[in-house]
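J.: Structure below; questions to follow.
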Amino acid sequence: MRQSGLTLLELIAVLVIMSAAMALVGLPLFGQHETLTAYSRRARSLVHLARRMALTQGVVEELCIDPRTRTITLRGLVSDKPLRRRALRVPHSIRVTVSAKVGRDSYGRRIFRFYPDGSATPGTIIFQRGARRLPIMVGVLFHASH
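Count along the sequence shown from 1, add 99, and you get the number used in the numbering used here.
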């Protein structure tokens, strides 16, 4: 004689199917979030490095954002051998925009300048994938980024 409702075995089967469906949907979304965060952190590290180099070397340091090649590059110290530490190539799945009146060079690259007194060109670098946005705010005086 069977009562209405689910048996324990049926309930476990439903939970297994739901867990598998959540894993298939959740893992790619988690990976995209982590990728966006990782690129934002690497760009923030370049901002901090540019500020430190300007302060310690006593020279103007430039951070270039090239929308055509999708790269963020730290100029200066051309003879420095670990070039890949100073350049970040952003994948096409991540949108990078600059919200400021930052200077442009003859190739259309956006240029943030960091000065030996600790100041910098003000503006915001925004990393975006879908609805998720991660801004990096480059400050004016003694604040490289927040």
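From the three backbone atoms N, C-alpha and C, an ideal C-beta is built for every residue, glycine too.
As the structure is a prediction and not an experimental result, all values here were calculated from the model.
(1) Which first and last residues belong to the beta strand (DSSP E) in which residue 197 is found?
(2) State the beta-bridge partners of residue 188 as determined by DSSP.
(3) Tell me whether residue 209 is buried or exposed, calling it buried when 16 or more other Cβ atoms sit within 10 Å of its Cβ.
(4) Using CA atoms only, rank isn't needed, just tell me which of 227, 161, 111 is closest to residue 204.
(5) Assign residue 230 to one of three DSSP states: helix, strand, or coil.
(6) Should residue 146 be labelled buried (16 or more other beta-carbon atoms within 10 Å of its own) or exposed?
(7) Quick check on residue 173: buried or exposed, where buried means 16 or more other Cβ atoms within 10 Å of its Cβ?
(8) Hey, could you find the ends of the beta strand (DSSP E) residue 212 is sitting in?
(9) Can you tell which of 158, 137, 233 has the C-alpha that lies nearest to the C-alpha of residue 197?
(10) For residue 148 and residue 236, I'd like the C-alpha separation in whole angstroms.
(11) Which one of 114, 134, 117 has the shortest CA to CA distance from residue 231?
T.: Let me spell this out:
(1) 194-197
(2) 170
(3) buried
(4) 161
(5) coil
(6) buried
(7) Residue 173 comes out buried.
(8) 209-213
(9) 233
(10) 15 Å
(11) 134
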